[in-house]
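Data first, discussion second: the structure below is written as structure tokens.
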Amino acid sequence: MSQDAAECHNGLMEAHGGHPFDPQILYVDLTADYRSLEAWGLHLFNSMAARLRAELSALRQEDSRFWPPEGWVPEGPHFVYEDFPSLFHTRRGRGPLFIAWDTNMVIDYFNYGRALWEGNDLPVVADENYASELEGLQLLIALWVLRDIRFIILPASINDAKKRLSAERKAHRIRAFEEFTSALGLVSSEPSGMDLPSREGLLILPDSLLEDALAGLPQGFDRVLVASAARMGIHVFMTMDKGILKQREAFRSFGLFLASPLDLLEALIGCGAFHCMLEPRYAYWPMPDQMRVGHLIRALPSFD
1 MSQDAAECHN GLMEAHGGHP FDPQILYVDL TADYRSLEAW GLHLFNSMAA
51 RLRAELSALR QEDSRFWPPE GWVPEGPHFV YEDFPSLFHT RRGRGPLFIA
101 WDTNMVIDYF NYGRALWEGN DLPVVADENY ASELEGLQLL IALWVLRDIR
151 FIILPASIND AKKRLSAERK AHRIRAFEEF TSALGLVSSE PSGMDLPSRE
201 GLLILPDSLL EDALAGLPQG FDRVLVASAA RMGIHVFMTM DKGILKQREA
251 FRSFGLFLAS PLDLLEALIG CGAFHCMLEP RYAYWPMPDQ MRVGHLIRAL
301 PSFD
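Each residue of the sequence shown is one higher than the last, beginning at 1 in the UniProt record's numbering.
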């Protein structure tokens, strides 16, 4: 197998016969299946940006604070850590925002991912708070399209379940883990394909303090996942589990923000991350590689 073929072994082949320079050569694009899904990212971003502008414009009539000030243009697509301690604690420097997904968030994405990407109203669910959290997740994914945000599925999520997973469900999780990891590799500056979160500005705390904080979490995989996120230096652990969220303050000193999608949405709005959805002047950077959109979509079981 050639080097190019080996590097793209996860892709699906699309052959194009004929070429103006050599019609005898069969050209193979192993990334075509992912490239064909790129337009979904801009579709979602534009749909959610229009909705956000409409809602904030209405609020702006009552209070101008709901619209960005004229003189301030937040840096992007990266984040300036020290400017937003509510999100990054004592970190310093510039870089991506790393968000680890709780297993239940991955399952929610499996269930509602297609609707999230379509950018329309989400299916009606009985729990209004849950519906609002899904809408928050939809906005976060839309922001991910343009900003340097790294979504991470932790390896422990593959086996996280109250009862034994069927082979099919486990295969879905493995595939999601691989696709999320592939999306990370497209924006990484490291040869390994995985940038590591910077710990600059964080205190180096003894592991015993982390163990004390973990003791306040529900037993089982919840502790394993949060511990992994904290030890990796992840910025945010995204979950809707109230048993985890109530321990938020215990993990702040480790630089880990335990947040629901709406919690994270509020924090990101506060640091100006969503300005790029409001006016073109706030989105002044080149667009990230949109093939990563294809990887996130291909993580969905419904896109088999």
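We put the CB at the ideal spot given by N, CA and C, even for glycine.
**Item:** Check whether Leu256 and Phe237 have beta carbons under 8 Å apart
**Value:** Looking up residue 256 in the sequence shown gives position 256. Looking up residue 237 in the sequence shown gives position 237. Yes, the pair counts as a contact, with Cβ atoms nearer than the cut-off.
**Item:** Test item: CB-CB of Leu122 and Tyr112 under 8 Å
**Value:** Counted from its first residue, the sequence shown places residue 122 at position 122. Counted from its first residue, the sequence shown places residue 112 at position 112. Yes, the Cβ-Cβ distance between Leu122 and Tyr112 is below 8 Å.
**Touch test, the stretch 89 to 100 against the stretch 160 to 176, Cβ-Cβ under 8 Å, three pairs minimum** = no
**Request:** Compute the Euclidean distance between the alpha carbons of Val73 and Tyr284, then round it to the nearest angstrom.
**Result:** Taking the first residue of the sequence shown as position 1, residue 73 is located at position 73. Taking the first residue of the sequence shown as position 1, residue 284 is located at position 284. Rounded to the nearest angstrom, the two C-alpha atoms are 9 Å apart.
**Prompt:** If Ser202 sits next to His89, beta carbons under 8 Å apart, how far is it from one beta carbon to the other, in whole angstroms?
**Reply:** Working through the sequence shown from its first residue, we reach residue 202 at position 202. Working through the sequence shown from its first residue, we reach residue 89 at position 89. Strictly speaking, residue 202 in this sequence is Leu, with Ser absent from that position. Right, the Cβ-Cβ distance comes to about 7 Å (below 8 Å), so this counts as a contact.
**Message:** Using 8 Å for Cβ pairs, my map puts Ala227 next to Leu214. What's the rounded Cβ distance?
**Reply:** In the sequence shown, residue 227 corresponds to position 227, counting from 1. In the sequence shown, residue 214 corresponds to position 214, counting from 1. Yes, they are in contact, since the Cβ atoms of Ala227 and Leu214 sit about 6 Å apart, within 8 Å.
**Asked** Could you give the distance in angstroms between the alpha-carbon of Ser157 and the alpha-carbon of Ala230?
**Response** For the purposes of this step, residue 157 is taken as residue 157 along the sequence shown, with counting starting at 1. For the purposes of this step, residue 230 is taken as residue 230 along the sequence shown, with counting starting at 1. Rounded to whole angstroms, Ser157 to Ala230 spans 15 Å at the Cα level.
**Item:** Same chain, Cβ closer than 7 Å to Gly216, five either side skipped, listed in chain order
**Value:** Indexing the sequence shown from 1 puts residue 216 at position 216. Excluding residues within five positions, the ones whose Cβ falls inside 7 Å are Gln247 and Ala250.
**Asked** Under a three-way DSSP split, which group does Leu258 fall into?
**Response** For the purposes of this step, residue 258 is taken as residue 258 along the sequence shown, with counting starting at 1. It is a strand residue.
**Request:** Determine the DSSP secondary structure at Ala227, reduced to helix, strand or coil.
**Result:** Here residue 227 is taken as the residue at index 227 of the sequence shown, counted from 1. Helix.
**Request:** For Ala54, count neighbouring Cβ atoms within 10 angstroms of its own Cβ and tell me buried if that reaches 16, exposed if not.
**Result:** To locate residue 54, count along the sequence shown from 1; it is residue 54. Its Cβ having fewer than 16 others within 10 Å, Ala54 is exposed.
**Request:** Could you check which residue in Ser302, Pro301 and Arg292 has the C-alpha nearest to that of Ser36?
**Result:** Counted from its first residue, the sequence shown places residue 36 at position 36. Measuring from the Cα of Ser36, the nearest candidate turns out to be Arg292.
**Sub-8 Å separation of Met287 and Ala49 beta-carbons** = Within the sequence shown, residue 287 is the residue found at index 287, counting from 1. Within the sequence shown, residue 49 is the residue found at index 49, counting from 1. Against a cut-off of 8 Å, the Cβ pair of Ala49 and Met287 comes out as no contact.
**Message:** Starting from Met240, trace the alpha helix (DSSP H) in both directions and tell me its first and last residue.
**Reply:** Numbered from its first residue, the sequence shown carries residue 240 at position 240. Here Met240 belongs to no alpha helix (DSSP H), and DSSP marks it neither H nor E.
**Item:** Cβ shell of Pro280 (< 7 Å), same chain only, five flanking positions each side left out
**Value:** By one-based count along the sequence shown, residue 280 stands at place 280. Here the set comprises nothing.
**Prompt:** Using the rule of at least 16 other Cβ atoms within 10 Å of the residue's Cβ for burial, across every protein chain shown, is Val106 buried or exposed?
**Reply:** Sequence index remark: in the sequence shown, residue 106 carries index 106 (1-based). Classification for Val106: buried.
**Request:** Taking Ala126 as part of the alpha helix (DSSP H), name the residues at either end of that continuous run.
**Result:** Sequence index remark: in the sequence shown, residue 126 carries index 126 (1-based). Where Ala126 is concerned, there is no enclosing alpha helix (DSSP H), given that its DSSP letter is neither H nor E.
**Asked** Where does Trp101 fall in DSSP's three states?
**Response** Position 101 of the sequence shown holds residue 101. Of the three classes helix, strand and coil, the one that applies to Trp101 here is strand, per DSSP.
**Asked** What span of residues does the beta strand (DSSP E) with Phe180 cover, start to end?
**Response** As a first step, residue 180 must be located in the sequence shown, where it is residue number 180. Premise fails: Phe180 lies in the alpha helix (DSSP H), Ala167 to Val187, not in any beta strand (DSSP E).
**Prompt:** So, Leu146 versus Phe79, is the Cβ gap smaller than 8 Å?
**Reply:** Translated into positions along the sequence shown, residue 146 becomes position 146. Translated into positions along the sequence shown, residue 79 becomes position 79. No, these two residues do not count as a Cβ contact at 8 Å.
**Asked** Exposed or buried, which one is Ile297 when buried takes at least 16 other CB atoms within 10 Å?
**Response** Position 297 of the sequence shown, counted from the first residue, corresponds to residue 297. Classification for Ile297: buried.
**Message:** Using only the alpha-carbon positions, how far apart do Asp102 and Phe177 sit?
**Reply:** Numbered from 1 along the sequence shown, position 102 holds the residue referred to as residue 102. Numbered from 1 along the sequence shown, position 177 holds the residue referred to as residue 177. Taking the straight line from one Cα to the other gives about 12 Å.
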